[in-house]
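K.L.:
Line order of the protein sequences matches chains A and B. Using the working numbering, the first residue of the first sequence is number 8, and each one after it goes up by one. Using the working numbering, the first residue of the second sequence is number 279, and each one after it goes up by one. Once you've had a glance at the structure underneath, I'll fire off some questions.
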Amino acid sequence: MSYFSDIYKGIKTLLTGMSVTGKYFLHSRKGTITQQYPDNRETLKMFDRFRGEVVMPHDEKNEHRCTGCQKCEIACPNGSIEIIWDRKVNPETGKKKKEIDQHIYHLGLCTMCGLCIEACPTDAIVWAQNYENSVYDRAALTKVLNQPGSKLMPGVED
Amino acid sequence: MTDKINTMYIALSITKNIHDWLFSVMPEGAASIVEMVLIALVYLAVFAVAGLYLVLLERKVAAWFQLRIGPNRVGFWGLLQTMADALKLVSKELTGTVKADKFLYNLAPYFVIVSSLMALAVFPFTKEFQAFDINIGIFFLIAISSIGVIGILLGGWASNNKFALIGAMRSGVQTISYELSVGLSLLTMILITGSLQLSEIVEVQKSGWLIVQGHIPAIIAFMIYMIAGTAETNRAPFDMVEAESELGAGFHTEYSGMKFAYFFLAEFINMFIIAAIATTIFFGAWLSPFGITESIPWLGVFWFLGKTLVLVFLMMWFRWTFPRLRIDQLLTLEWKYLLPINLINIVIMAIIVWLKLTIQF
């Protein structure tokens, strides 16, 4: 007698599906998720998990969290990150310590895989939610992430 | 209201005047041929535009089901979108494969579109507004609706493309199977009306729409008809004919430009036809519910189109809800479920009509 129960189950599941889509249809006016992009570029804000480009946040004292450990450079599968660093004497402790000169990021090579951000032990680099990254000259895609004159935030150790 | 009735009389008298004028300036034979051509042209123009707007409606409805906006750039609310699409398709090059059978390849789109336009002639849009009231109306509709598949088979075969051929063969299997269910579910209702003529069927429904008159078996017949009708038009969830993810575009893979547009338009006119048949047979064609506008017969056009559009919407709802069936599931559904249920249903309906258990007002 599974024949009739199959028919019953079939109709029931089909109606369940139709009620789900029907609810969406009725709420389509308020719940529209379409972004009409060029029209709303002033107000359009990307969601938090959007991977626009890699940036290095600085605080108001122009300090970043990058210790120059180069884990991101090693993690990057296609060489988008190059770190120029040096050992300098810390005036307070008198010890020699690694310090970054330039954290160079090639946006043109980056595939937005996120391995560098996962590898970073001090959360020095994060995803930015910007878009519209196209430029007329590809040299503009090579960016230095640490700002000129910036220092390591005190207390950040890897 | 009198104004409206007057305008209606004027409209009717225009057709009558043209009729009289044609017969006064020409011999009878030529005049009737010219009249037929005129009517055909009017139908052609109206339904080409109607088909385009069905495409727009489908896109809008699809968008709303998926919480999108849909076409909204060309014209107010996107109303001119499909017009622009059609213009673009007209201006495009008609490409074809080298090894295609040129004659059949070029014939196929016309076969499909002509067979779907032919079916439109018999619908009673309102009282006295029916181009061709033949006494075998339903039979004619069933016959015509299955001719379209020959065009699809021709197109798939003649393009000399494996995807097109697979699509066409699937279409053949599908239409042959589901034609039975369409025919039998309509026959169930014919048991009540006792006539195949569409105007007679409408007359019978003046004492209650057939879906009310035939109650339970009529509702079963309607459900079977809608399933089989969706399959007839090769729409999702029965769109194995042009399953995009498997066959490219199915039987019309090799078509471009206006020939593609004919196939595309025919699909939507076919959907309209399936809904219009259901309206005529199950929902009282142009009759208003409870006879509220019986005194103004021209309003019947709106009732007819309204009911048809509701059923068209139902088919669109199916399309944007259900996943595509596999070919063996399709045949199982028809031969193991729809057909036996249909045959039992027809017997039940016969008993109900015999014992006069129908509900009549």
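Every residue gets a Cβ at the ideal spot worked out from N, C-alpha and C, and that includes glycine. Here the structure is a predicted model, which means the values were calculated and not measured.
Starting from Thr149/A, trace the beta strand (DSSP E) in both directions and tell me its first and last residue.
P.N.:
149-151 is the span of the beta strand (DSSP E), which, as asked, contains Thr149/A.
K.L.:
Which same chain residues end up closer than 8 Å to Val312/B when comparing Cβ atoms and leaving out the 5 residues on each side of it in sequence?
P.N.:
The residues are Leu300, Met304.
K.L.:
How many angstroms separate the CA atom of Phe596/B from the CA atom of Cys127/A?
P.N.:
Near 50 Å, if we compare the C-alpha coordinates of Cys127/A and Phe596/B.
K.L.:
Cβ closer than 9 Å: which chain A residues qualify as neighbours of Trp260/B?
P.N.:
Here chain B has residues from 279 to 639 only, and residue 260/B is not among them.
K.L.:
Give the interface partners of Tyr31/A over in chain B, defined as CB-CB distance under 7 Å, in chain order.
P.N.:
Those are Phe343, Leu345, listed as they occur along chain B.
K.L.:
Could you give the C-beta distance for Gly578/B and Lys370/B, rounded to a whole number, given that I count them as a contact under 8 Å?
P.N.:
The pair is not a contact, with the Cβ atoms about 40 Å apart (cut-off 8 Å).
K.L.:
To the nearest angstrom, report how far apart Val151/A and Arg513/B are at their CA atoms.
P.N.:
Roughly 55 Å between the two C-alpha positions.
K.L.:
Might you give, ordered along the chain, the residues of its own chain that have their beta carbon closer than 7 Å to the beta carbon of Leu290/B, omitting 5 neighbours on each side?
P.N.:
Reliability fails at Leu290/B, whose pLDDT of 48 lies under 50, so the model's placement of it is uncertain and no value is given.
K.L.:
Count the other CB atoms within 10 Å of the CB of Ile40/A; is the residue buried (16 or more) or exposed (fewer)?
P.N.:
Exposed, by the Cβ-count rule.
K.L.:
With a threshold of 8 Å between beta carbons, is Leu21/A in contact with chain B?
P.N.:
By this cut-off, Leu21/A is an interface position.
K.L.:
With which residues is Asp93/A paired in a DSSP beta bridge?
P.N.:
BP columns for Asp93/A point to Glu106/A.
K.L.:
Quick one: is Ala554/B buried, meaning 16 or more other Cβ sit within 10 Å of its Cβ, or exposed?
P.N.:
Flag for Ala554/B reads buried.
K.L.:
The beta strand (DSSP E) that contains Trp134/A, what's its start and end?
P.N.:
Looking at the DSSP string, the run of the beta strand (DSSP E) that includes Trp134/A is 133-135.
K.L.:
Leu158/A bridges to which residues according to DSSP?
P.N.:
First, the amino acid is wrong: residue 158/A is Lys here, not Leu. Per DSSP, Glu70/A.
K.L.:
Cα-Cα, which of Ile420/B, Gly569/B, Phe591/B is closest to Trp581/B?
P.N.:
Here the closest residue by C-alpha is Gly569/B.
K.L.:
Can you list, in chain order, the residues of its chain with a C-beta nearer than 7 Å to that of Gly156/A? Leave out the 5 residues immediately preceding and following it.
P.N.:
Cβ neighbours of Gly156/A beyond the five flanking positions: Asn69.
K.L.:
Provide the residue span of the alpha helix (DSSP H) that contains Glu457/B, from first to last.
P.N.:
Looking at the DSSP string, the run of the alpha helix (DSSP H) that includes Glu457/B is 440-471.
K.L.:
By the criterion of Cβ-Cβ separation under 7 Å, what are the contact partners of Thr599/B in chain A?
P.N.:
The contacting residues are Gly24, Met25, Thr28.
K.L.:
Leu21/A: which of Asp606/B, Trp598/B, Asn620/B, Leu633/B sits nearest, CA to CA?
P.N.:
Of the listed residues, the one whose Cα sits closest to Leu21/A is Trp598/B.
K.L.:
Name, in chain order, the residues that DSSP records as bridge partners for His530/B.
P.N.:
Its beta-bridge partners do not exist; DSSP assigns none.
K.L.:
Express the C-alpha separation of Gly356/B and Arg36/A in angstroms, rounding to a whole number.
P.N.:
Each residue's alpha carbon lies about 16 Å from the other.
K.L.:
Mind pulling the chain A residues with CB within less than 8 Å of Trp595/B?
P.N.:
Residues of chain A passing the Cβ test: Met25, Thr28, Gly29, Phe32.
K.L.:
Taking only beta carbons into account, state which residues of the stretch 612-639 of chain B come closer than 7 Å to chain A, listed in chain order.
P.N.:
So the list reads Tyr615, given in the order they occur along the chain.
K.L.:
With Tyr540/B and Val390/B assumed to form a contact (beta carbons below 8 Å), what rounded beta-carbon distance in angstroms separates them?
P.N.:
Right, their Cβ atoms sit about 6 Å apart.
K.L.:
Just how far apart, CA to CA, sit Met627/B and Phe407/B?
P.N.:
Between Met627/B and Phe407/B, the C-alpha separation is close to 31 Å.
K.L.:
Give the secondary structure of Thr404/B by DSSP, where H, G and I count as helix, E and B as strand, and everything else as coil.
P.N.:
In the structure shown, Thr404/B sits in a strand (DSSP, three-state: E or B).
K.L.:
Along chain B, which residues have their Cβ under 8 Å away from the Cβ of Thr39/A?
P.N.:
Those within 8 Å of Thr39/A in chain B are Leu345, Arg346, Ile347.
K.L.:
Thinking C-beta only, is Asp66/A closer than 8 Å to Cys136/A?
P.N.:
Position check: residue 136/A holds Gln in this sequence, whereas Cys was assumed. Not a contact, by the Cβ cut-off of 8 Å.
K.L.:
Shorter than 8 Å from the beta carbon of Ala289/B to some beta carbon of chain A?
P.N.:
Only weak support exists for where Ala289/B lies, its pLDDT of 48 falling under 50; the coordinates are left without a value.
K.L.:
Measuring only the C-alpha atoms, how far is Ala326/B from Leu543/B?
P.N.:
Distance between the alpha carbons of Ala326/B and Leu543/B: 8 Å.
K.L.:
Who are the near neighbours of Ile430/B in its chain, counting only those whose CB is closer than 6 Å to its CB and skipping five residues on each side?
P.N.:
These residues qualify, in order along the chain: Ala446, Ser449, Phe529.
K.L.:
Can you give me the start and stop residues for the alpha helix (DSSP H) that Glu60/A sits inside?
P.N.:
Element bounds for Glu60/A: not the alpha helix (DSSP H) but the beta strand (DSSP E), 60-62.
K.L.:
How big is the Cα-Cα spacing for Leu395/B and Leu603/B?
P.N.:
Computed Cα separation, rounded: 28 Å.
K.L.:
Since Leu608/B and Met518/B are thought to touch, with beta carbons under 8 Å apart, how far apart are those beta carbons, to the nearest angstrom?
P.N.:
Confirmed, Cβ separation roughly 7 Å.
K.L.:
Considering only their Cβ atoms, is the gap separating Val62/A from Val142/A smaller than 8 Å?
P.N.:
No, these two residues do not count as a Cβ contact at 8 Å.
K.L.:
Going by other Cβ atoms of all chains shown within 10 Å of its Cβ, with 16 needed for buried, is Thr285/B buried or exposed?
P.N.:
Residue confidence for Thr285/B is low, a pLDDT of 47 falling below 50, so the modelled location carries little weight and cannot support an answer.
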